[in-house]
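Novice: Mind looking over this structure? Questions follow.
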Amino acid sequence: MKLSKKINNILPSNTVVLGQKARELISLGKDIIQLGEGEPDFNTPDHIINAALDAMNKGKTKYTNVAGTQELRKVIKKYFEDEYQLSYQEDQIVVGNGGKQLIFNALLASIDPGEEVIIPSPYWVSYPQMVSFADGTPILVTCPSNNNFKITPKLLKNHINKKTIWLILNSPGNPTGSVYSEKELIDLAKVLRDYPYINVICDDIYSKIIYDNESFVTLAQVAPDLKDRVLTVNGLSKSYAMTGWRIGYAAGNRSLINAMIKLQGQSTTNASSISQAAAVAALSGSKKFLDDWIQKYHHRRNLTFDILNRNFPKFKIKPKGAFYHFINCDCFLGKIYNSEKKINDDIDFCKYLLEYFGVSVVPGSSFGCSGYFRLCYAKSETDLKKACERINKFVSLIK
Ligand SMILES: Cc1ncc(COP(=O)(O)O)c(C=O)c1O
0 MKLSKKINNI LPSNTVVLGQ KARELISLGK DIIQLGEGEP DFNTPDHIIN AALDAMNKGK
60 TKYTNVAGTQ ELRKVIKKYF EDEYQLSYQE DQIVVGNGGK QLIFNALLAS IDPGEEVIIP
120 SPYWVSYPQM VSFADGTPIL VTCPSNNNFK ITPKLLKNHI NKKTIWLILN SPGNPTGSVY
180 SEKELIDLAK VLRDYPYINV ICDDIYSKII YDNESFVTLA QVAPDLKDRV LTVNGLSKSY
240 AMTGWRIGYA AGNRSLINAM IKLQGQSTTN ASSISQAAAV AALSGSKKFL DDWIQKYHHR
300 RNLTFDILNR NFPKFKIKPK GAFYHFINCD CFLGKIYNSE KKINDDIDFC KYLLEYFGVS
360 VVPGSSFGCS GYFRLCYAKS ETDLKKACER INKFVSLIK
């Protein structure tokens, strides 16, 4: 079958490919610990599941408004007001099949060929591919590790030109777990004020997963004058352990939201009616379970950090958010594993770790930053301890 140039130019998501490889090995009976995919190990809380069952029993099994049910959009509006003191009208809010679809739709709905999107690097694997698919040019801006991989006002300014139309900010960040402070966002906003033609996607999907008394702030909140230029994207996948339910939402400029709804209306239509009913319960119901989860993630972050940082000399900082460690492994590159296999790069490092020690992690080069790997610690303590022991054993055999 002939395929389009466009699709041939898109790279498959490495995290998904590696996840599949790990699942294949598991199906062959191999003992694999999956720390590759970014997915909480908790089950969706009961009250959310019950809301979905209730919706099915009450016949809420039909098409809904493309942009989401009125009930859910109302709840999202209130959620933005309560959590971030951000006020949107319901028609400035769209619900989609995950945050991923909404970012994709926003880019498709706004980019003309050759226009540029600034993406701080390391980045979430899908951003550059989405921009390319929308005929835009991803401008990958390497952000220094000594600034916790965050973009600075100077770096931002240096990469802006007349073709720039978007900046994508992700905080807490995947893969680094870095969190932008209020001051850092205010300083970025100062630069953005000089370029009124540039808009910002704030991907806040990990907003609830934050540690060490750090507080989450989003750009539209700290720079209200830019609110109409900011598309704030969030979703239920990570914070509520609802990856399979596929619910995300975005709020922002009305004409952009309308364009995204138009696109969604001609592609996937509404997100699942049942998942939307569950999302109403999630966003409006008790969030007590989150305190317990955050405490567990926090403990797992520290546990894995304490075990691994002995063997990875440049792994010195505990991330403030999300549930990933982004670990520098460059001291093992160019060396030989078990007197037989040369480890040329982070991809080899991850490959041998999976093949010989059954631990699945993702090479940093997938996120635009070679010499690192990403480990997801949203897994059971038993698995994490076992995986860290295996990683330590693996590196002890690299000479
Ligand atoms: C940074 C970031 N943004 C967006 C998403 C998409 O999440 P979903 O489509 O499940 O809402 C992910 C998922 O891994 C992510 O890591």
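Using numbering that gives the first Met the number 0, you'd call the opening residue of the sequence shown number 0 and step up by one each time. The C-beta atom is built at its ideal place from N, Cα and C for all residues, glycine as well. Just so you know, these numbers come straight off a predicted model, no measurement behind them.
Return the CA-CA distance between M55 and I273, expressed in angstroms with no decimal places.
Specialist: Rounded to whole angstroms, M55 to I273 spans 7 Å at the Cα level.
Novice: In whole angstroms, what is the alpha-carbon distance linking Y62 and T268?
Specialist: Their Cα atoms are separated by approximately 8 Å.
Novice: Consider the C-beta atom of K99 and the heavy atoms of ligand 1; say whether any pair is separated by less than 7 Å.
Specialist: Yes.
Novice: Are the CB atoms of L230 and V74 nearer to each other than 8 Å?
Specialist: No, Cβ-Cβ distance for L230 and V74 is not below 8 Å.
Novice: Would Y179 and L168 be called neighbours here (beta carbons separated by less than 8 Å)?
Specialist: Cβ atoms of Y179 and L168: closer than 8 Å.
Novice: Taking just the CA atoms, how far does W123 sit from F287?
Specialist: Sequence check: residue 287 is Lys here, not Phe. Rounded to the nearest angstrom, the two C-alpha atoms are 29 Å apart.
Novice: Applying the 10 Å Cβ sphere with the 16-neighbour rule, what's the burial state of E115?
Specialist: Classification for E115: buried.
Novice: DSSP has V65 in a bridge; who is on the other side?
Specialist: Answer is none; V65 lacks a bridge partner.
Novice: Going by DSSP, which residues form a beta bridge with T163?
Specialist: Looking at the DSSP assignment, T163 forms a beta bridge with E115.
Novice: Would G98 pass as a contact of D186 if the rule is Cβ separation under 8 Å?
Specialist: No, they are not a contact pair.
Novice: What are the boundary residues of the beta strand (DSSP E) that Y355 is part of?
Specialist: Not the beta strand (DSSP E): Y355 falls in the alpha helix (DSSP H), residues D345 to F356.
Novice: Considering only C-alpha positions, which residue in the set P223, F132, E388 and N327 is nearest to D111?
Specialist: Comparing Cα positions, the closest option is F132.
Novice: Taking the C-alpha atoms as reference points, what is the distance between Y323 and G37?
Specialist: Computed Cα separation, rounded: 8 Å.
Novice: Between the C-alpha atoms of A249 and K392, what's the straight-line distance to the nearest angstrom?
Specialist: Distance between the alpha carbons of A249 and K392: 44 Å.
Novice: Run the CB neighbour count on P195, radius 10 Å, all protein chains shown included, and call it buried at 16 or more, exposed below.
Specialist: Label assigned to P195: exposed.
Novice: At the level of alpha carbons, what is the spacing between S86 and D224?
Specialist: Their backbone Cα atoms lie some 13 Å apart in a straight line.
Novice: Check this for me: beta carbons of Y83 and T217, under 8 Å apart or not?
Specialist: Contact flag set, yes.
Novice: Applying the 10 Å Cβ sphere with the 16-neighbour rule, what's the burial state of K207?
Specialist: So K207 ends up on the buried side.
Novice: Hey, out of N327, N337 and S338, whose CA is closest to I346's CA?
Specialist: When each option's Cα is compared against that of I346, the closest is N327.
Novice: Which one of D344, N160 and V221 has the shortest CA to CA distance from E183?
Specialist: With distances taken between Cα atoms, E183 lies closest to V221.
Novice: Give the range of the alpha helix (DSSP H) segment to which V279 is assigned.
Specialist: It spans S272 to S283 - the alpha helix (DSSP H) in which V279 sits, taken as one unbroken run.
Novice: By the 10 Å Cβ neighbour count, where 16 or more other Cβ atoms means buried, how is K261 classified, buried or exposed?
Specialist: So K261 ends up on the exposed side.
Novice: Between A21, Q33 and L10, which lies nearest to K385 when the distance is taken from Cα to Cα?
Specialist: It is Q33.
Novice: Just checking S177 against ligand 1 - is the residue's beta carbon closer than 7 Å to any of the ligand's heavy atoms?
Specialist: No, the Cβ of S177 stays beyond 7 Å of every heavy atom of ligand 1.
Novice: Go ahead and pull the three-state DSSP assignment for V93.
Specialist: Three-state DSSP puts V93 in a strand.
Novice: Just verifying my parser: in three-state terms, what is the DSSP assignment at N391?
Specialist: The answer is helix: DSSP assigns N391 an H, G or I state.
Novice: Do the stretch 135 to 144 and the stretch 294 to 307 meet, that is, are 3 or more Cβ pairs less than 8 Å apart?
Specialist: No, because fewer than three Cβ pairs between the stretch 135 to 144 and the stretch 294 to 307 fall closer than 8 Å, the two stretches do not touch.
Novice: Where does Q19 land, buried or exposed, given buried means 16+ other C-beta within 10 angstroms?
Specialist: Counting Cβ neighbours within 10 Å, Q19 comes out exposed, since fewer than 16 surround it.
Novice: List the endpoints of the continuous beta strand (DSSP E) containing I200.
Specialist: It spans N198 to D202 - the beta strand (DSSP E) in which I200 sits, taken as one unbroken run.
Novice: According to DSSP, what are the bridge partners of Y194?
Specialist: Answer by DSSP bridge pairing: none, since Y194 is not bridged.
Novice: Do you know how far the Cα of G135 is from the Cα of G113?
Specialist: Computed Cα separation, rounded: 5 Å.
Novice: Could you name the residues that DSSP lists as bridge partners for Q265?
Specialist: BP columns for Q265 are empty, so no partner.
Novice: Using CA coordinates, which residue listed in V93, N64, T60 and V65 is at the minimum distance from K76?
Specialist: Nearest option by C-alpha distance: V93.
Novice: S236: beta carbon under 7 Å from a heavy atom of ligand 1?
Specialist: Yes, Cβ of S236 sits closer than 7 Å to a heavy atom of ligand 1.
Novice: How about K319 and G176: are their beta carbons less than 8 Å apart?
Specialist: For K319 and G176, yes; Cβs fall inside 8 Å.
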